[in-house]
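Asker: Sharing a structure with you now.
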């Protein structure tokens, strides 16, 4: 049987010392530091911004060839029930920008305490931008 080697461990401090307030404290990372480190949130928000910007640019480039007036909404039978000037198509990237602004603000405000909620908001923002593209494709009849 092997012999035990005595360890020279320091004795724990008394309870009074453990409970006493300390002068130095461990600083929590700031909200900005947490945001800089969260690549998932950055990628989702940047992707949503780029998708919305791409929608705006695409519509601006294709504006001249759009029908005027343009059917902007269809009923359940697929018939147009809202026909407006073709400039109304820019409502889609505007709505997308509003969704982006609100959800990005909420995501940045909640990120420090609820990272999962912030990631969910950013993912929903990206999904909303993709839905804006699908709505535009439905209105103009596809990419041409």
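In this note's numbering, the protein residues as written are 1315 to 1458. Built from N, CA and C at the ideal position, the CB exists for glycine as well.
Quick check on the DSSP output: the alpha helix (DSSP H) that includes residue 1376 runs from which residue to which?
Answerer: Per DSSP, residue 1376 belongs to the alpha helix (DSSP H) from 1353–1376.
Asker: Return helix, strand or coil for residue 1385, following the three-state DSSP convention.
Answerer: Three-state DSSP puts residue 1385 in a strand.
Asker: Quick check on this structure: which residue in 1436, 1392, 1373 has the alpha carbon closest to the alpha carbon of residue 1353?
Answerer: Closest option to residue 1353, Cα to Cα, is 1436.
Asker: Under a Cβ-count criterion, where at least 16 other Cβ atoms within 10 Å of its own Cβ denotes burial, should residue 1418 be classed as buried or exposed?
Answerer: Residue 1418 comes out buried.
Asker: Look at the alpha carbon of residue 1413 and the alpha carbon of residue 1442, and state the distance between them as a whole number of angstroms.
Answerer: Taking the straight line from one Cα to the other gives about 8 Å.
Asker: Could you check whether residue 1422 and residue 1365 sit closer than 8 Å to each other, using their CB atoms as the reference points?
Answerer: Not closer than 8 Å, so no.
Asker: Go ahead and pull the three-state DSSP assignment for residue 1429.
Answerer: Reduced to three states, the DSSP call for residue 1429 is helix.
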